[in-house]
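Count along the sequence shown from 1, then add 15; that gives the number in our numbering.
Glycine included, C-beta positions come from ideal geometry on N, C-alpha and C.
It should be emphasised that the depicted structure is a prediction, and the values quoted were computed from it without experimental measurement.
The structure appears right after this line, and notes come after that.
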Amino acid sequence: VIPGWFSEISPMWPGEAHSLKMEKILFQGKSDYQNVMVFQSSTYGKVLVLDGVIQLTERDECAYQEMITHLPLCSIPNPKKVLVIGGGDGGVLREVARHASVEKIDICEIDKMVVDVSKQFFPDIAVGFEDPRVTLTVGDGVAFLKDVPEGTYDAVIVDSSDPIGPAQELFEKPFFASVAKALRPGGVVCTQAESIWLHMHIIEDIVANCRQIFKGSVNYAWTTVPTYPSGMIGFMLCSTEGPLVDFKHPVNPLSENDSQQSRPLKFYNSEIHTAAFCLPSFAKRKIGSK
Ligand SMILES: NCCCCCc1nc2ccccc2[nH]1
């Protein structure tokens, strides 16, 4: 261990560890589900860490929050009701709120400590909770979805951590089936879907499960996040049977310089939306779609 440096050692990326120079630890706690830590880094702003794994930094969270939100919401004409599973930092809520067509935003986050810590240390991310359309449920997303009437949502966003830890069930078939039931015909889901450099086997399983359950489109897309190991993270975008969804050509554009927005988009735009679905050959062979 190098004094003054945080190294992200995890079984999720054996044999490698991304490190960030650390100025000061701002919070350390243990919730009912995981260890929670916040530190001030030297060059990436404040950093949120769960069980030793970097969830977000102030400097590059935009790449993840904007893409996981706008890839699905810009792919359907008029999203009205949106569900977020996970996402307790509030960043996805902040991005969903940019869509004027949205009338209702439900969020189900299992760990209240993540919400409280985000509000205290990441106000520009937790700002998402202030939108009047938002209803927060603190609980297990699997149980939440069991009580959702069929066809309730236009879009579901699963902003989870990784299969090692409290989010494990969010990567399994029964959960995907409950998401499909909660979506209207032609509805869309976008999930955090790991890295093609590190987790190809996990992704192949996810793609196989999604292709069985979602009878519309199933596409993998990705973004670059400098503070995530392998510098990238991917998303699984699926649509249910019904009006065809072409994820690669957004029908509901968000103007990147929308003057109404107090904060313009930092990362997402319609070109990068389309580019996000382009895969390197090694990945195309394994998880590409026709
Ligand atoms: N909202 C949490 C996003 C995921 C944070 C943890 C994490 N960091 C990763 C780096 C590479 C691949 C998968 C990863 N999962």
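Inset, instruction - Please determine if the region 207 to 224 and the region 48 to 57 are in contact, where contact requires at least 3 C-beta pairs separated by less than 8 Å. - result: Contact annotation: the region 207 to 224 does not touch the region 48 to 57, with fewer than three C-beta pairs closer than 8 Å.
Legend entry - Beta-carbon proximity of I83 to C205, cut-off 7 Å: Residue numbering aside, residue 83 sits at position 68 when the sequence shown is read from its first letter. Residue numbering aside, residue 205 sits at position 190 when the sequence shown is read from its first letter. C205 is positioned such that its CB atom lies closer than 7 Å to that of I83.
Inset, instruction - Could you give the DSSP three-state label for E184: helix, strand or coil? - result: Reading the sequence shown from its first residue, position 169 is the one you call residue 184. Judged by DSSP in its simplified three-state form, E184 adopts helix.
Legend entry - 3 or more residues per run - each beta strand (DSSP E) lying fully within the region 108 to 181: 119 to 124, 149 to 153, 168 to 174, all fully within the region 108 to 181.
Inset, instruction - Leaving out five residues on either side along the sequence, give the residues of the same chain with a beta carbon under 7 Å from the beta carbon of G303. - result: Position 288 of the sequence shown holds residue 303. Cβ neighbours of G303 within its own chain (closer than 7 Å, five residues either side excluded): L294.
Inset, instruction - Consider the C-beta atom of E210 and the heavy atoms of ligand 1; say whether any pair is separated by less than 6 Å. - result: Along the sequence shown, one-based indexing puts residue 210 at 195. Note on identity: in this sequence residue 210 is Ser, with Glu being the wrong assignment. Yes.
Inset, instruction - Can you check the region 50 to 118 for any alpha helix (DSSP H) of at least 4 residues that lies completely inside it and give the ranges in chain order? - result: For the region 50 to 118, whole alpha helix (DSSP H) runs of length 4 or above, ordered along the chain, are 76 to 88, 106 to 111.
Legend entry - Euclidean distance between Cα positions of S193 and I40: On the sequence shown, residue 193 is found 178 positions in, with the first residue counted as 1. On the sequence shown, residue 40 is found 25 positions in, with the first residue counted as 1. Cα to Cα, the separation comes out at about 39 Å.
Legend entry - Uninterrupted alpha helix (DSSP H) stretches inside the region 207 to 252 (no shorter than 4 residues): Counting only runs of 4 or more, we get 215 to 228.
Inset, instruction - For the alpha helix (DSSP H) holding F297, just list the boundary residues, first then last. - result: Counting from one through the sequence shown, the residue named residue 297 turns up at place 282. Counting along the chain, the unbroken alpha helix (DSSP H) around F297 starts and ends at 296 to 302.
Inset, instruction - Using 10 angstroms around the beta-carbon of G249, count the other beta-carbons present and answer buried if the total reaches 16, otherwise exposed. - result: Sequence index remark: in the sequence shown, residue 249 carries index 234 (1-based). Classified as buried, G249 has 16 or more neighbouring CB atoms from the shown chains inside 10 Å of its CB.
Legend entry - Check: Q70 C-beta below 6 Å from any heavy atom of ligand 1: Reading the sequence shown from its first residue, position 55 is the one you call residue 70. At least one heavy atom of ligand 1 is nearer than 6 Å to the Cβ of Q70, so yes.
Legend entry - Rounded separation between M52 and K45 - CA only: Your numbering for residue 52 matches position 37 in the sequence shown. Your numbering for residue 45 matches position 30 in the sequence shown. Distance between the alpha carbons of M52 and K45: 9 Å.
Inset, instruction - Answer yes or no: do P94 and D174 have a C-beta to C-beta separation smaller than 7 Å? - result: If you number the sequence shown from 1, residue 94 lands on position 79. If you number the sequence shown from 1, residue 174 lands on position 159. For P94 and D174, no; Cβs fall outside 7 Å.
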